[in-house]
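Numbering (my numbering), first residue to last: 182 to 340.
Even for Gly, the Cβ is constructed at its ideal location relative to N, Cα and C.
Bear in mind that the values here come from a model prediction, so they are computed numbers and not experimental data.
Structure first, commentary second.
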(Lines of atoms letter the chains of each structure in order from A and count residues from 1; the text may use other names and numbers.)
(Lines give C-alpha, C1' and ligand atoms only; values in the text may rest on other atoms or scores of the structure.)
Protein backbone atom coordinates (compact mmCIF):
# COMPACT_ATOMS: atom_id res chain seq x y z
CA UNK A 1 0.00 0.00 0.00
CA UNK A 2 1.76 3.08 -1.30
CA UNK A 3 0.76 6.34 0.41
CA UNK A 4 0.22 9.14 -2.12
CA UNK A 5 -0.77 11.88 0.36
CA UNK A 6 -1.56 12.61 4.00
CA UNK A 7 -3.32 15.62 5.45
CA UNK A 8 -5.37 16.62 8.48
CA UNK A 9 -9.12 16.73 7.98
CA UNK A 10 -11.22 19.87 8.34
CA UNK A 11 -13.81 20.00 11.10
CA UNK A 12 -16.74 19.50 8.68
CA UNK A 13 -15.09 16.30 7.34
CA UNK A 14 -14.55 15.08 10.90
CA UNK A 15 -18.21 15.82 11.69
CA UNK A 16 -19.30 13.82 8.61
CA UNK A 17 -17.30 10.81 9.83
CA UNK A 18 -18.57 11.16 13.40
CA UNK A 19 -22.20 11.43 12.25
CA UNK A 20 -21.93 8.44 9.90
CA UNK A 21 -20.39 6.20 12.57
CA UNK A 22 -22.82 7.33 15.27
CA UNK A 23 -25.87 6.85 13.03
CA UNK A 24 -24.85 3.56 11.46
CA UNK A 25 -23.01 1.80 14.26
CA UNK A 26 -23.62 3.69 17.49
CA UNK A 27 -19.87 4.43 17.65
CA UNK A 28 -18.62 7.66 19.20
CA UNK A 29 -15.06 8.66 18.31
CA UNK A 30 -13.51 10.99 20.86
CA UNK A 31 -10.20 12.07 19.39
CA UNK A 32 -7.87 15.01 18.95
CA UNK A 33 -6.49 14.25 15.49
CA UNK A 34 -8.03 13.03 12.22
CA UNK A 35 -5.64 12.55 9.29
CA UNK A 36 -6.66 11.36 5.82
CA UNK A 37 -4.28 8.94 4.09
CA UNK A 38 -4.74 8.47 0.35
CA UNK A 39 -3.15 5.51 -1.42
CA UNK A 40 -1.75 5.40 -4.94
CA UNK A 41 -2.45 1.69 -5.35
CA UNK A 42 -5.79 1.19 -3.52
CA UNK A 43 -9.36 2.23 -4.28
CA UNK A 44 -10.04 3.39 -0.72
CA UNK A 45 -8.79 6.05 1.68
CA UNK A 46 -7.94 5.65 5.35
CA UNK A 47 -8.37 7.97 8.32
CA UNK A 48 -5.87 7.90 11.15
CA UNK A 49 -7.63 8.77 14.40
CA UNK A 50 -5.05 9.92 16.92
CA UNK A 51 -2.49 8.17 14.71
CA UNK A 52 -4.31 4.82 14.52
CA UNK A 53 -6.05 3.43 11.37
CA UNK A 54 -9.61 3.52 12.71
CA UNK A 55 -11.77 4.61 9.75
CA UNK A 56 -11.69 3.82 6.05
CA UNK A 57 -13.77 4.66 3.00
CA UNK A 58 -14.79 1.46 1.23
CA UNK A 59 -16.72 2.53 -1.87
CA UNK A 60 -16.74 6.15 -0.69
CA UNK A 61 -18.51 5.92 2.67
CA UNK A 62 -16.80 6.25 6.07
CA UNK A 63 -16.78 3.08 8.18
CA UNK A 64 -14.68 1.60 10.98
CA UNK A 65 -11.74 -0.65 10.20
CA UNK A 66 -11.43 -3.95 12.07
CA UNK A 67 -9.00 -2.26 14.46
CA UNK A 68 -11.39 0.68 14.81
CA UNK A 69 -14.32 -1.61 15.61
CA UNK A 70 -12.30 -3.44 18.26
CA UNK A 71 -11.22 -0.14 19.85
CA UNK A 72 -14.75 1.33 19.67
CA UNK A 73 -17.22 -1.60 19.70
CA UNK A 74 -20.34 -0.94 17.60
CA UNK A 75 -23.79 -1.35 19.12
CA UNK A 76 -25.51 -1.66 15.71
CA UNK A 77 -24.67 -3.23 12.36
CA UNK A 78 -23.10 -6.32 13.93
CA UNK A 79 -23.21 -9.88 12.57
CA UNK A 80 -22.06 -12.50 15.10
CA UNK A 81 -20.49 -15.78 14.00
CA UNK A 82 -19.86 -19.02 15.90
CA UNK A 83 -16.47 -20.54 16.72
CA UNK A 84 -16.56 -22.75 13.61
CA UNK A 85 -16.61 -19.69 11.33
CA UNK A 86 -13.82 -17.75 13.06
CA UNK A 87 -10.85 -19.15 11.12
CA UNK A 88 -12.62 -18.76 7.77
CA UNK A 89 -13.81 -15.19 8.39
CA UNK A 90 -10.39 -14.23 9.80
CA UNK A 91 -8.81 -15.43 6.55
CA UNK A 92 -11.15 -13.26 4.45
CA UNK A 93 -13.89 -15.73 3.57
CA UNK A 94 -17.36 -14.42 2.89
CA UNK A 95 -19.87 -15.10 5.65
CA UNK A 96 -22.30 -17.98 5.20
CA UNK A 97 -25.64 -18.43 6.98
CA UNK A 98 -24.75 -21.60 8.93
CA UNK A 99 -21.96 -19.77 10.80
CA UNK A 100 -24.15 -16.88 11.96
CA UNK A 101 -25.60 -16.99 15.47
CA UNK A 102 -27.07 -13.49 15.50
CA UNK A 103 -27.48 -10.42 13.28
CA UNK A 104 -28.81 -6.92 13.92
CA UNK A 105 -32.39 -6.85 12.58
CA UNK A 106 -31.88 -3.27 11.38
CA UNK A 107 -29.23 -4.30 8.83
CA UNK A 108 -30.46 -3.77 5.28
CA UNK A 109 -29.19 -5.33 2.07
CA UNK A 110 -26.14 -3.33 0.92
CA UNK A 111 -25.20 -2.02 4.37
CA UNK A 112 -21.64 -2.22 5.60
CA UNK A 113 -21.46 -4.50 8.66
CA UNK A 114 -18.92 -5.68 11.21
CA UNK A 115 -18.49 -9.41 11.78
CA UNK A 116 -17.71 -10.36 15.38
CA UNK A 117 -17.00 -13.70 17.01
CA UNK A 118 -19.46 -15.05 19.54
CA UNK A 119 -17.21 -15.91 22.50
CA UNK A 120 -15.54 -12.54 23.19
CA UNK A 121 -17.21 -10.15 20.76
CA UNK A 122 -13.95 -9.39 18.94
CA UNK A 123 -14.42 -8.05 15.42
CA UNK A 124 -12.88 -10.25 12.74
CA UNK A 125 -13.95 -8.52 9.55
CA UNK A 126 -15.95 -5.84 7.80
CA UNK A 127 -18.26 -6.72 4.95
CA UNK A 128 -21.28 -5.77 2.87
CA UNK A 129 -24.65 -7.36 3.67
CA UNK A 130 -26.20 -9.33 0.80
CA UNK A 131 -29.53 -9.74 2.66
CA UNK A 132 -31.39 -7.97 5.44
CA UNK A 133 -30.33 -8.74 9.01
CA UNK A 134 -33.52 -10.64 9.84
CA UNK A 135 -32.75 -13.04 6.94
CA UNK A 136 -29.13 -13.81 7.88
CA UNK A 137 -29.54 -16.72 10.27
CA UNK A 138 -30.31 -19.96 8.44
CA UNK A 139 -29.04 -23.15 6.88
CA UNK A 140 -27.38 -22.20 3.60
CA UNK A 141 -26.14 -19.38 1.42
CA UNK A 142 -23.71 -16.49 1.44
CA UNK A 143 -25.03 -13.43 3.28
CA UNK A 144 -22.03 -11.07 3.70
CA UNK A 145 -19.26 -10.24 1.22
CA UNK A 146 -15.99 -9.80 3.10
CA UNK A 147 -14.17 -6.53 2.35
CA UNK A 148 -11.53 -6.27 5.09
CA UNK A 149 -10.36 -8.78 7.71
CA UNK A 150 -7.85 -9.44 10.46
CA UNK A 151 -4.37 -9.78 8.99
CA UNK A 152 -4.99 -8.15 5.60
CA UNK A 153 -2.92 -5.20 4.33
CA UNK A 154 -5.31 -2.63 5.77
CA UNK A 155 -5.29 -4.33 9.16
CA UNK A 156 -1.48 -4.44 9.16
CA UNK A 157 -1.06 -0.83 7.95
CA UNK A 158 1.01 1.40 10.21
CA UNK A 159 2.63 4.79 9.83
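Inset, instruction - Could you check which residue in 317, 321, 235 and 269 has the C-alpha nearest to that of residue 282? - result: For the purposes of this step, residue 282 is identified with residue 101 of the chain shown, where counting begins at 1. Of the listed residues, the one whose Cα sits closest to residue 282 is 317.
Legend entry - Delimiting residues of the alpha helix (DSSP H) encompassing residue 308: Here the question's residue 308 lines up with position 127 in the chain shown. Element bounds for residue 308: not the alpha helix (DSSP H) but the beta strand (DSSP E), 304-310.
Legend entry - Residues near residue 225 by beta carbon distance below 7 Å, same chain, minus five either side: As a working mapping, residue 225 is identified with position 44 in the chain shown. Excluding positions up to five away in sequence, the list reads 237, 238 and 239.
Legend entry - Spatial distance of residue 200 from residue 320 (CA atoms): Within the chain shown, the letter at position 19 stands for residue 200. Within the chain shown, the letter at position 139 stands for residue 320. In a straight line, the C-alpha of residue 200 is about 36 Å away from that of residue 320.
Legend entry - Three or more C-beta pairs below 8 Å linking the region 270-287 and the region 304-312: yes
Legend entry - Proximity winner among 324, 247, 185 and 292, relative to residue 223 (alpha-carbon distances): As a position in the chain shown, residue 223 is number 42, starting the count at 1. Residue 223 has its Cα closest to that of 185, out of 324, 247, 185 and 292.
Inset, instruction - Pick out whichever of 250, 235, 182 and 196 has its Cα sitting closest to the Cα of residue 220. - result: Looking up residue 220 in the chain shown gives position 39. Of 250, 235, 182 and 196, the residue nearest in Cα terms is 182.
Legend entry - Span of the beta strand (DSSP E) around residue 194: By one-based count along the chain shown, residue 194 stands at place 13. Segment 192-206 is the alpha helix (DSSP H) holding residue 194; no beta strand (DSSP E) there.
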